[in-house]
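**Q**
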Ligand SMILES: [Cu+2]
Ligand SMILES: [Cu+2]
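Residue numbers (my numbering), protein chains in the order written: chain A, 331 to 466; chain B, 1094 to 1368.
#1: To test your reading of the DSSP string, which unbroken beta strand (DSSP E) runs of 3 or more residues are found completely within the segment 1187–1216 of chain B?
#2: Exposed or buried, what is residue 399 of chain A when buried is set at 16 or more other beta-carbons lying within 10 Å of its beta-carbon?
#3: What is the DSSP secondary structure of residue 355 of chain A, counted as helix, strand or coil?
#4: Would you tell me roughly how many angstroms separate the C-alpha atoms of residue 1055 of chain B and residue 1293 of chain B, rounded to the nearest one?
#5: Going along the chain, which residues of its own chain have a beta-carbon closer than 6 Å to the beta-carbon of residue 358 of chain A, five neighbours each way excluded?
#6: Round the Cβ separation of residue 1137 of chain B and residue 428 of chain A to the nearest angstrom and send it over; I've been treating them as touching at under 8 Å.
#7: Considering residue 1311 of chain B, what are the terminal residues of the alpha helix (DSSP H) in which it resides?
#8: In chain order, what residues of the same chain lie with their CB nearer than 7 Å to the CB of residue 1368 of chain B, ignoring the 5 residues before and after it?
#9: In chain order, what residues of the same chain lie with their CB nearer than 7 Å to the CB of residue 1195 of chain B, ignoring the 5 residues before and after it?
#10: Going by DSSP, which residues form a beta bridge with residue 1227 of chain B?
#11: Evaluate residue 425 of chain A with the Cβ neighbour count: other Cβ atoms within 10 Å of its Cβ, from every protein chain shown; 16 or more gives buried, anything less gives exposed.
#12: Are there three or more Cβ pairs, one per stretch, closer than 8 Å when the segment 1333–1340 of chain B is compared with the segment 1147–1155 of chain B?
#13: What residue range does the beta strand (DSSP E) around residue 415 of chain A cover?
#14: Report back the beta-carbon spacing between residue 1224 of chain B and residue 1125 of chain B to the nearest angstrom; my notes put them in contact at under 8 Å.
#15: Does the structure place the segment 450–464 of chain A close enough to the segment 1219–1235 of chain B that three or more beta carbon pairs sit under 8 Å?
#16: Show which residues of chain A have a CB atom less than 7 Å away from the CB atom of residue 1206 of chain B.
#17: Have a look at residue 1326 of chain B and residue 1207 of chain B and give me their C-alpha separation to the nearest angstrom.
#18: With DSSP run on the structure shown, which of helix, strand or coil describes residue 1099 of chain B?
#19: Could you check the C-alpha separation between residue 392 of chain A and residue 442 of chain A for me, to the nearest Å?
#20: Output yes if chain A places a C-beta closer than 8 Å to the C-beta of residue 1269 of chain B; else output no.
#21: Just the Cα atoms here: how many angstroms apart are residue 1322 of chain B and residue 1270 of chain B?
#22: For ligand 1, any of its heavy atoms closer than 7 Å to the Cβ of residue 1290 of chain B?
#23: Look at the Cβ atom of residue 1116 of chain B, then the Cβ atom of residue 1219 of chain B, and state whether they are nearer than 8 Å.
#24: How big is the Cα-Cα spacing for residue 1096 of chain B and residue 383 of chain A?
#25: Below 9 Å on C-beta distance, what does residue 453 of chain A contact in chain B?
#26: Quick check on the burial criterion: 16 or more other C-beta atoms within 10 angstroms. Buried or exposed for residue 1324 of chain B?
#27: Using a beta-carbon distance below 8 Å, is residue 382 of chain A in contact with chain B?
#28: In this structure, does DSSP put residue 1107 of chain B in helix, strand or coil?
#29: Could you spell out the range, first to last residue, of the alpha helix (DSSP H) harbouring residue 1154 of chain B?
#30: Compare the C-beta of residue 1287 of chain B with all C-beta atoms of chain A and state if any pair is closer than 8 Å.
#31: Does the Cβ of residue 1256 of chain B have 16 or more other Cβ atoms within 10 Å, making it buried, or fewer, making it exposed?
#32: Under 8 Å: do the segment 431–447 of chain A and the segment 1154–1171 of chain B share three or more Cβ pairs, one atom per stretch?
#33: By Cβ distance below 8 Å, which residues in the same chain neighbour residue 1187 of chain B in space, the five residues on each side in sequence not counted?
#34: Less than 7 Å between the CB of residue 393 of chain A and some heavy atom of ligand 1, yes or no?
#35: Between the alpha carbons of residue 1176 of chain B and residue 1160 of chain B, how many angstroms are there, rounded?
#36: Residues in its own chain within less than 6 Å of residue 1114 of chain B by CB, not counting five upstream and five downstream?
In structure tokens, the structure reads:
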């Protein structure tokens, strides 16, 4: 994916405007992250419908979330969560908590109310770095 | 008997010995095995499936055993070394001595989060990250960025006051001491500290940051403090229970030790003082 090596803000702006997430252009960090943060009472997750998908450009990165066929052999999909998140096409390992919130391998100690919020936080944490496959 | 000390009280010589043993273990290749072991457990520990290292009753004995194994690996290099603990209720700022260049090094720089001071800075040449979810090979920190404040003494006391060790369904939604200490519920102690440090410490590969060991050593000490406050309470579940480790069930990956054999830390080491 070329986005991760791109630093031009003009290019960023153009990509953002081309993307589905125009309204998010100026939004950054926790304001849009849906963080169910430490010290706060656990936040009930927004209901995630089986067909709930997203595909947007956030901070120059393409993030996608999509339901996955249940019971697939694909390990990284998040321990039977039935959901998958990709950042520039690379899988973000994720997991769903008993209360419906989400965590990822990038943010393993704080929870997010939606996969989209989880993906956006991972993008912020990555600071342009690429996800790599995890060997267990 | 090995004595684990508060890192704030270590002499310059003791700090050097700890750091050098960690660097030597890294050079020998043994360190990164701890990182990958930790990550493989944290990724497979799920609320509705088998769970051993995290979000389950054995969070505390599993990490106690994990820390013992790490401490033994350091002692094979330098027999004088023990794990120090970090009391984040007192040493709670980014300029505390734990983050000094003579010990763990400091915060990541603002441009890319890279730690550039101390023995674990990438530029010092002895600390390359090899087990990572992304393609960065340098240590990362963002002190105080993910959450502003470390837990307070009052936060800790409120968790130590909880009388049940753990409760059904024995996962991240449980009430009780273990889950409030781990941090999925309540004031959030353990998880919050991972997030406060940020960078590698907020990922499943958190042992990439040597701060992991000092943080978990303090968590281990808090378990002992809870035991002292609740002498009539013990590890739960006492019996075999689906997907979790009961009192007498052996724990992966060692398969030769159960929580029952780890309840009394003084069989293995003592702390310089009780919390
Ligand atoms: Cu852990
Ligand atoms: Cu931890």
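For every residue, glycine included, the Cβ atom is placed at its ideal position computed from N, Cα and C.
**A** In brief:
#1: none
#2: Against the first chain, residue 399 of chain A aligns to sequence position 69. Burial call: exposed.
#3: If you number the first chain from 1, residue 355 of chain A lands on position 25. With a pLDDT of 32 at residue 355 of chain A, under the threshold of 50, the predicted position of this residue should be treated as unreliable, though the coordinate-derived value follows. Note: residue 355 of chain A maps to coil in three-state DSSP.
#4: Chain B is shown only over 1094 to 1368; residue 1055 of chain B falls outside these bounds and no answer can be derived.
#5: To locate residue 358 of chain A, count along the first chain from 1; it is residue 28. Annotation note: pLDDT 36 at residue 358 of chain A (below 50); position unreliable, coordinate value reported separately. Contacts found: none.
#6: As a first step, residue 1137 of chain B must be located in the second chain, where it is residue number 44. As a first step, residue 428 of chain A must be located in the first chain, where it is residue number 98. That belief does not hold up - the Cβ atoms of residue 1137 of chain B and residue 428 of chain A are roughly 16 Å apart, past 8 Å.
#7: Here residue 1311 of chain B refers to the residue found at position 218 when the second chain is read from its first residue. Per DSSP, residue 1311 of chain B belongs to the alpha helix (DSSP H) from 1304–1322.
#8: Taking the second chain and counting its residues from 1, one reaches residue 1368 of chain B at position 275. So the list reads 1314, 1315 and 1318, once near-sequence residues are dropped.
#9: The sequence position of residue 1195 of chain B within the second chain is 102, counting from 1. Contacts found: 1105 and 1108.
#10: Numbered from 1 along the second chain, position 134 holds the residue referred to as residue 1227 of chain B. DSSP lists A/461 as partners of residue 1227 of chain B.
#11: In the first chain, counting from the first residue as 1, residue 425 of chain A sits at position 95. The residue in question, residue 425 of chain A, is buried, as its Cβ has 16 or more Cβ neighbours within 10 Å.
#12: yes
#13: Start at 1 with the first residue of the first chain, and residue 415 of chain A comes out as number 85. Residues 413–417.
#14: For the purposes of this step, residue 1224 of chain B is taken as the residue at position 131 of the second chain. For the purposes of this step, residue 1125 of chain B is taken as the residue at position 32 of the second chain. With 8 Å as the limit, residue 1224 of chain B and residue 1125 of chain B qualify as a contact, their Cβ atoms being about 5 Å apart.
#15: yes
#16: Working through the second chain from its first residue, we reach residue 1206 of chain B at position 113. Within chain A, the residues near residue 1206 of chain B are 457.
#17: Translated into the one-based positions of the second chain, residue 1326 of chain B becomes position 233. Translated into the one-based positions of the second chain, residue 1207 of chain B becomes position 114. Here the alpha carbons of residue 1207 of chain B and residue 1326 of chain B stand approximately 44 Å from one another.
#18: For the purposes of this step, residue 1099 of chain B is taken as residue 6 along the second chain, with counting starting at 1. Residue 1099 of chain B falls in the strand class under three-state DSSP.
#19: Here the question's residue 392 of chain A lines up with position 62 in the first chain. Here the question's residue 442 of chain A lines up with position 112 in the first chain. If you take the alpha carbons of residue 392 of chain A and residue 442 of chain A, they lie about 19 Å apart.
#20: Within the second chain, residue 1269 of chain B is the residue found at index 176, counting from 1. Look at residue 1269 of chain B: its C-beta is not under 8 Å from any C-beta on chain A.
#21: To locate residue 1322 of chain B, count along the second chain from 1; it is residue 229. To locate residue 1270 of chain B, count along the second chain from 1; it is residue 177. Approximately 12 Å, taken between the alpha carbons.
#22: Within the second chain, residue 1290 of chain B is the residue found at index 197, counting from 1. Every heavy atom of ligand 1 is 7 Å or more from the Cβ of residue 1290 of chain B, so no.
#23: In the second chain, the residue the question calls residue 1116 of chain B occupies position 23. In the second chain, the residue the question calls residue 1219 of chain B occupies position 126. A contact, by the Cβ cut-off of 8 Å.
#24: One-based indexing of the second chain puts residue 1096 of chain B at position 3. One-based indexing of the first chain puts residue 383 of chain A at position 53. Approximately 53 Å, taken between the alpha carbons.
#25: As a position in the first chain, residue 453 of chain A is number 123, starting the count at 1. Per Cβ cutoff of 9 Å: no residues; residue 453 of chain A is ~11 Å from chain B at best.
#26: Taking the second chain and counting its residues from 1, the one referred to as residue 1324 of chain B is at position 231. Residue 1324 of chain B comes out exposed.
#27: Locating residue 382 of chain A in the first chain gives position 52, counting from the first residue. Closer than 8 Å: no.
#28: Taking the second chain and counting its residues from 1, the one referred to as residue 1107 of chain B is at position 14. Three-state DSSP puts residue 1107 of chain B in a helix.
#29: On the second chain, residue 1154 of chain B is found 61 positions in, with the first residue counted as 1. 1152–1170 is the span of the alpha helix (DSSP H), which, as asked, contains residue 1154 of chain B.
#30: Within the second chain, residue 1287 of chain B is the residue found at index 194, counting from 1. By this cut-off, residue 1287 of chain B is an interface position.
#31: By one-based count along the second chain, residue 1256 of chain B stands at place 163. With fewer than 16 other Cβ atoms within 10 Å, it is exposed.
#32: no
#33: Position 94 of the second chain, counted from the first residue, corresponds to residue 1187 of chain B. 1199, 1200, 1236 and 1237, listed in sequence order.
#34: Here residue 393 of chain A is taken as the residue at index 63 of the first chain, counted from 1. Every heavy atom of ligand 1 is 7 Å or more from the Cβ of residue 393 of chain A, so no.
#35: Numbered from its first residue, the second chain carries residue 1176 of chain B at position 83. Numbered from its first residue, the second chain carries residue 1160 of chain B at position 67. Cα to Cα, residue 1176 of chain B sits roughly 8 Å from residue 1160 of chain B.
#36: The residue labelled residue 1114 of chain B in the question sits at position 21 within the second chain. Answer for residue 1114 of chain B: 1167, 1170, 1171 and 1174, listed in chain order.
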